[in-house]
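Here is the structure we will look at, set down as C-alpha cells.
Protein chains in written order, with the numbering used here: chain A, 731 to 1022; chain B, 10 to 258.
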C-alpha cells in the first residue's frame, strides 16, 4: 500500500495583524482528499489561504506545500496549484482569449486546448470582456483557468458564495470530476457548509484565528450530536461532553462531542445527528460566550 | 514573467488610441513647422538674420522639441498598470502564479523600458525626418536630447514603480518624484532664484538652464548612467519591499 502524502501541512503557523491573529494554526490535507475549510466570515480562512499561497508571509511556524516549505523561494511549487479566489482577479477589460495568452506564458504546463474546452463546457464566451460576466461566469472562468495547467491541487476561497444553487451544484460537479484522479486534492474554503458536506472528506474548522476542529468529516459528524431534553435534564449532562448548551422556554438543545457515549449514558434523551452547520454555529457560540 | 509583461501591455493598450492621437498631432505640427521654415513666415523671419529672427528660430526649435517629447511622456505612464492591477485585485492572482517575486517586480521594469523604447523610437524617427528636410534641428543634438530625456523618464518611472511597491497610491506616486525633483532643483539653486526675484536679474538662471540644455544635447551618456543606477537601486529596493509583502503583482 502506498504511503499517503500530505499535500498541505500547517505547523503552528502564526500571523499577527494586531487586531487579528492567526494563532498557531496546525492541520494537514492528505493527497487525494477534499478538505473543507469552514468558518464564519472573518474567521481567518482567507488569511490562511493567503499564507499557503505565499501571498502573505507568516510570523512564525511552518507551512509546507507538496512537502516543500512555503517561504517565498519556491515559486515553482505553484505550477501544480490551481487557485480560485472569491473575486475574479483578472482585469475586467481582458477577454478569456487574452487571459489564455497571459497564462500560457506563465505556466509551463498550460494547455490552450484544455482551457478553450473548459470555456465551452462552462458556456463561457472567449471574446467577451470578463467585466461583463456574471459572478457565476467569473467563478467558472477562474475554475477553467485553474483546471488548464494540469494542477494537482485546487485551492479555492469561497468559490460558491453568492451563487445560485444551480450554478453551485454545477461547480461542485466540476470538483467531483477533478477528484476522479487519485493524486488530485482540493482545499475549499466556504461558510456554506452544505456544499462541503456534499463533497468534503476532511474538515478544518477555524474560528477567531484558531483551529477549532480538524479531521475526517464523517468522524466529526459521527462524534457530534444534538441532544434535546428538558432544562432540568440538561443539568445532568456532563460538562466534558457539552460543546454548547442552548436553553429555551421549551427545553434545551446541547451539542455534544461524544454521541456514542451520550447515547449510552442518557438513553432516555433524544439524540439527533448534527449537521456541519449546526456544529459550526455551536462552536462559534461557545467561543462567543467565553466557554473554554 | 513573460505572461505578466503581456498583461501589462494589455493594460497599457487602452492608451494606444491616445498615443496614436498624440503621434498624429505631433507629426501634423512638425509638418507645419517644416513647411513654414521652407516656404512661409518662419523662412522670412530667419532669413532676415535679425535678432528677432534668431529668437524665433530658437523658439521654434524648442517648440518642435517639446512637441516631440509628447510621445515619450505618453508612454511613460506605468502607474496606470499598477492602478489596473489594484482595481482587479490582480496581486492575488499574480502571487498564485509560479513566478518569483523578483520576476514579478522585474516584469514591471521591463514593461516600463519597453514602453519608453517605443516612445523614444517614435521620437528619434521623427527627429531623423525633420532634421533631414529642414534646418530647424540637428539630428545629433536632437537625438542626444531625446536619449537624455528618456533617461530622465526612466529615472522617473523607476521611482514610480518603487513608490507603488512601497504602498503609495498610484495617484500620488507620479507626483512625488516630480515634486522631489522640483524641491531638489529649488534647494540647489535657491541663491540664484532669490537673486533673480530680489534684483530682477535672471541671467544666472538662464545660464543654468542653457547649461542643462547643453548637457541634455551633448552628454546623454551621463543621463544614461544615472538612469541605469536609478533602475538598479529602485529594482533592489522594490524587490526588498515586495518580498516583505509577498502578494504583489
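Each residue gets a CB set at the ideal place from its N, CA and C atoms; glycine is no exception. Computed from a prediction, not measured in an experiment: that's the story for all the values here.
Count the other CB atoms within 10 Å of the CB of residue i; is the residue buried (16 or more) or exposed (fewer)?
| i | result |
| --- | --- |
| residue 41 of chain B | exposed |
| residue 46 of chain B | buried |
| residue 134 of chain B | exposed |
| residue 1013 of chain A | buried |
| residue 192 of chain B | exposed |
| residue 221 of chain B | exposed |
Taking residue i as part of the alpha helix (DSSP H), name the residues at either end of that continuous run.
| i | result |
| --- | --- |
| residue 225 of chain B | 212-227 |
| residue 872 of chain A | 865-876 |
| residue 905 of chain A | 895-908 |
| residue 131 of chain B | 110-142 |
| residue 89 of chain B | 88-96 |
| residue 777 of chain A | 775-782 |
| residue 200 of chain B | 199-208 |
Using a Cβ-Cβ cutoff of less than 7 Å, which residues in the same chain neighbour residue i once the five nearest sequence positions on both sides are dropped?
| i | result |
| --- | --- |
| residue 852 of chain A | 870 and 874 |
| residue 816 of chain A | 887, 888 and 891 |
| residue 897 of chain A | 866 |
| residue 992 of chain A | 955, 957, 971, 986 and 1001 |
| residue 246 of chain B | 171 |
| residue 863 of chain A | 871 |
| residue 963 of chain A | 999 |
| residue 981 of chain A | 958, 959, 960 and 961 |
| residue 112 of chain B | 10 |
Using a Cβ-Cβ distance under 7 Å, would residue i count as near chain B?
| i | result |
| --- | --- |
| residue 815 of chain A | yes |
| residue 793 of chain A | no |
| residue 808 of chain A | yes |
| residue 916 of chain A | no |
| residue 830 of chain A | no |
| residue 783 of chain A | yes |
| residue 835 of chain A | yes |
| residue 772 of chain A | no |
| residue 881 of chain A | no |
| residue 821 of chain A | yes |
| residue 743 of chain A | no |
Leaving aside the five residues before and after residue i along the sequence, list all residues of the same chain whose C-beta is less than 6 Å from its C-beta, in chain order.
| i | result |
| --- | --- |
| residue 753 of chain A | 939 and 940 |
| residue 121 of chain B | 87 and 166 |
| residue 944 of chain A | 757 and 934 |
| residue 780 of chain A | 786 |
Just curious, the beta strand (DSSP E) that residue i is in, first and last residue?
| i | result |
| --- | --- |
| residue 972 of chain A | 972-978 |
| residue 807 of chain A | Neither: residue 807 of chain A is in no beta strand (DSSP E) and is coded neither H nor E. |
| residue 754 of chain A | 751-760 |
| residue 818 of chain A | That residue, residue 818 of chain A, is in no beta strand (DSSP E); it is neither H nor E in DSSP. |
| residue 940 of chain A | 940-946 |
| residue 767 of chain A | 764-768 |
Does the beta-carbon distance from residue i to residue j come in below 7 Å?
| i | j | result |
| --- | --- | --- |
| residue 92 of chain B | residue 179 of chain B | yes |
| residue 163 of chain B | residue 125 of chain B | yes |
| residue 157 of chain B | residue 229 of chain B | yes |
| residue 957 of chain A | residue 901 of chain A | no |
| residue 232 of chain B | residue 160 of chain B | yes |
| residue 114 of chain B | residue 242 of chain B | no |
| residue 813 of chain A | residue 105 of chain B | yes |
| residue 762 of chain A | residue 912 of chain A | yes |
| residue 923 of chain A | residue 1007 of chain A | yes |
Looking only at its chain, what residues have a beta carbon closer than 8 Å to the beta carbon of residue i, apart from the 5 residues adjacent to it on each side?
| i | result |
| --- | --- |
| residue 905 of chain A | 764, 884, 916, 918 and 929 |
| residue 859 of chain A | 822, 823, 824 and 825 |
| residue 123 of chain B | 14 and 18 |
When you compare the CB of residue i with every CB in chain A, is at least one pair closer than 7 Å?
| i | result |
| --- | --- |
| residue 15 of chain B | yes |
| residue 201 of chain B | no |
| residue 105 of chain B | yes |
| residue 111 of chain B | no |
| residue 12 of chain B | yes |
| residue 249 of chain B | no |
| residue 239 of chain B | no |
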